[in-house]
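Undergrad: Number 72 in UniProt numbering belongs to position 72 of the sequence shown; there are no gaps in the numbering.
A virtual CB, placed ideally from N, CA and C, is assigned to each residue, including glycine.
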Amino acid sequence: MMSEMLQQDELEKLSECEINIKNIGWTLGNECPYRCAHCYSMSSRHKGMDLSVDIIDRVVEQVADLGVETINVGGNEPLFTNGLNPKKSLL
């Protein structure tokens with residue numbers, strides 16, 4: 001996972017480009033303790049690793065450095081954060 005994140009030199013190259021991305025969408029995961037029959041995410045649960053708070057913080061910092069103004073966060077059951085504090089990590 002860490003190898004997929006932008007390295008500092010790659011981030012600097014992107015910062016020099018004329019990138020004008022102001023908004024990104026980010027799905028943090030599909031974890032949920034419920035098993036609702038109507039839920040589309042049941043098929044993709046447990047297919048990967050959830051991101052740690054440290055990785056989330058790093059990615060948020062990197063996209064902010066690129067000039068992104070808003071991040072639309074999705075995924076997971078909103079009332080089930082598994083220890084993630086969205087205010088600390090994303091706001």
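So for Val73, helix, strand or coil by DSSP?
TA: strand
Undergrad: What would DSSP say about residue 102, mapped onto helix, strand or coil?
TA: With the chain represented from 1 up to 91, any question about residue 102 goes unanswered, as that position is not in the structure.
Undergrad: Going by the CB atoms, is the gap between Gly67 and Ile24 shorter than 9 Å?
TA: no
Undergrad: In chain order, what residues of the same chain have a beta carbon less than 8 Å from the beta carbon of Gly74, not counting five sequence neighbours either side?
TA: Taking C-beta separations shorter than 8 Å and ignoring five residues to either side along the sequence, the partners of Gly74 in its chain run Gly25, Trp26, Thr27, Leu28, following chain order.
Undergrad: Helix, strand or coil: which one does DSSP assign to Ala64?
TA: helix
Undergrad: Check whether the Cβ atoms of Ile55 and Val63 lie closer than 9 Å to each other.
TA: no
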